[in-house]
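Engineer: Counting in the numbering used here, the sequence shown runs from 245 upward without gaps.
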Amino acid sequence: MVKSQLEIERSLIKTYKKRIWTKFIRAIKEYELVEKGDKIAVAISGGKDSLTLAKLFQELKKHRKLDFDLEFIAMDPGYKKEKLDQMMYNCDKLGIPVKVHKSDIFEVSERIAGENPCYMCARMRRGNLYAKAEELGCNKLALGHHFDDVIETVMLNIIFAGDFKTMMPKLKAKNFENMELIRPMYLVEEESIIRFMNSTGLVAMDCACTVTSKKSGGSKRDYVKELIKEIKKENEFAGINILRATENVNMGAILGFKDDFGKHSFLERYDD
């Protein structure tokens, strides 16, 4: 049974206060994600993460004195009708006034990306959302990435790319002047989002991709997700420790690093 909008909103800031609401507020404060005068475009994909993020922002605007504006935007990249209907139904039940615009990203991604369409699709989606946010006069684009996305990205880069970097809580858009991307659920664990969404009685969309649905086999991210689960059986704090590792880099105990000027070796400073 689907709960009422009021019940869902109360649940988010009471039942899930510690697991979701408090961590959302903490990330906003700690990483300075929302400022007075902002106009924030919240990207809605129809999945559990973006729907939760949308409700969090509505509650933030309702209960906080911070002066900012919101737009809820959703791109239809070529969803099947039943998936689009599902997204619209969920947004209606949650009281999210979403603005949907069409694109041909699924079609283009399948045509040019071959066997690995997800990376290309994600890049095109983001560019499309930036453009729509800019059109609506927004200066920030909020995405529903959560804590697990962050630590999985760290592990993916270490294991498969030989690189140590993470998914940042905010960053400036390269191709859209005066636009920032923010990730306010940076500290919220995926399991909490799943429990919250299940409690609403609504069924959130999966990625609804018409391209990957034709392919079989798991992704590297799926592999890393399972790997982290196994590690947590030995150390329950492994997840937060992965995140802390990105905050506690000891520059005197690494072989090298990269910046805007290129790659540097520890030998450059060895005799200092």
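By construction, the Cβ of each residue, glycine as well, lies at the ideal position given by its N, Cα and C atoms.
Please report the Cβ distance between Tyr430 and Tyr260, rounded to the nearest whole angstrom; I am assuming they are in contact, meaning their Cβ atoms lie under 8 Å.
Structural biologist: Along the sequence shown, one-based indexing puts residue 430 at 186. Along the sequence shown, one-based indexing puts residue 260 at 16. With 8 Å as the limit, Tyr430 and Tyr260 do not qualify as a contact, their Cβ atoms being about 16 Å apart.
Engineer: According to the neighbour-count rule (16 or more other Cβ atoms, all chains shown, within 10 Å of its Cβ), is Ser457 buried or exposed?
Structural biologist: Locating residue 457 in the sequence shown gives position 213, where the first residue counts as 1. Note on Ser457: pLDDT 47, under 50, position unreliable in the model; the coordinate value appears next. With fewer than 16 other Cβ atoms within 10 Å, it is exposed.
Engineer: Using a Cβ distance threshold of 8 Å, determine whether the segment 281-290 contacts the segment 371-378, with at least three qualifying pairs required.
Structural biologist: The segment 281-290 vs the segment 371-378: in contact.
Engineer: Pull the bridge partners of Gly506 from the DSSP assignment, please.
Structural biologist: As a working mapping, residue 506 is identified with position 262 in the sequence shown. DSSP output for Gly506 lists Asp503 as bridge partner(s).
Engineer: State whether the segment 290-304 contacts the segment 330-345, with contact taken as three or more CB pairs (one from each stretch) at a distance under 8 Å.
Structural biologist: As far as the Cβ criterion goes, the segment 290-304 touches the segment 330-345, which means the pair count is three or higher.
Engineer: Count the C-beta pairs between the segment 388-406 and the segment 426-440 that are closer than 8 Å, then say yes if the count reaches three, no if not.
Structural biologist: Cβ pair count under 8 Å is three or more, so yes.
Engineer: Is Asn334 buried or exposed, if buried means 16 or more other CB atoms sit within 10 Å of its CB?
Structural biologist: The residue labelled residue 334 in the question sits at position 90 within the sequence shown. So Asn334 counts as buried.
Engineer: In terms of residue numbering, what span does the beta strand (DSSP E) encompassing Ile472 cover?
Structural biologist: Here the question's residue 472 lines up with position 228 in the sequence shown. Note, Ile472: premise wrong, no beta strand (DSSP E); alpha helix (DSSP H) at 464-478.
Engineer: How close, in whole Å, do the beta carbons of Phe316 and Ile272 come, if the pair is a contact with beta carbons under 8 Å?
Structural biologist: The sequence position of residue 316 within the sequence shown is 72, counting from 1. The sequence position of residue 272 within the sequence shown is 28, counting from 1. Incorrect: roughly 18 Å between the Cβ atoms, too far for contact.
Engineer: Leaving aside the five residues before and after Val344 along the sequence, list all residues of the same chain whose C-beta is less than 6 Å from its C-beta, in chain order.
Structural biologist: The residue given as residue 344 occupies position 100 in the sequence shown. Same-chain partners within the cutoff: Ala318, Asp320.
Engineer: Compute the beta-carbon to beta-carbon distance between Ile426 and Ala386, rounded to the nearest angstrom, for a pair I have assumed lies under 8 Å.
Structural biologist: Counted from its first residue, the sequence shown places residue 426 at position 182. Counted from its first residue, the sequence shown places residue 386 at position 142. Indeed, because the Cβ distance is near 5 Å, the residues count as touching under 8 Å.
Engineer: Using DSSP bridges, identify the partner residues of Ile426.
Structural biologist: One-based indexing of the sequence shown puts residue 426 at position 182. The partner list for Ile426 (beta bridge, DSSP) reads Ala386, Lys414.
Engineer: Does DSSP put Thr259 in a helix, a strand or coil?
Structural biologist: Along the sequence shown, one-based indexing puts residue 259 at 15. Looking at Thr259 - three-state DSSP - the assignment turns out to be coil, as it is neither helix nor strand.
Engineer: Does DSSP put Ser460 in a helix, a strand or coil?
Structural biologist: Taking the sequence shown and counting its residues from 1, one reaches residue 460 at position 216. Caution applies to Ser460, whose pLDDT of 48 falls short of 50 and renders its modelled position unreliable; the model cannot decide the point.
Engineer: Which parts of the segment 249-296 are runs of the alpha helix (DSSP H), unbroken and 4 residues or longer, counting only runs that do not cross its ends?
Structural biologist: Here the runs fully enclosed are 249-257, 266-274.
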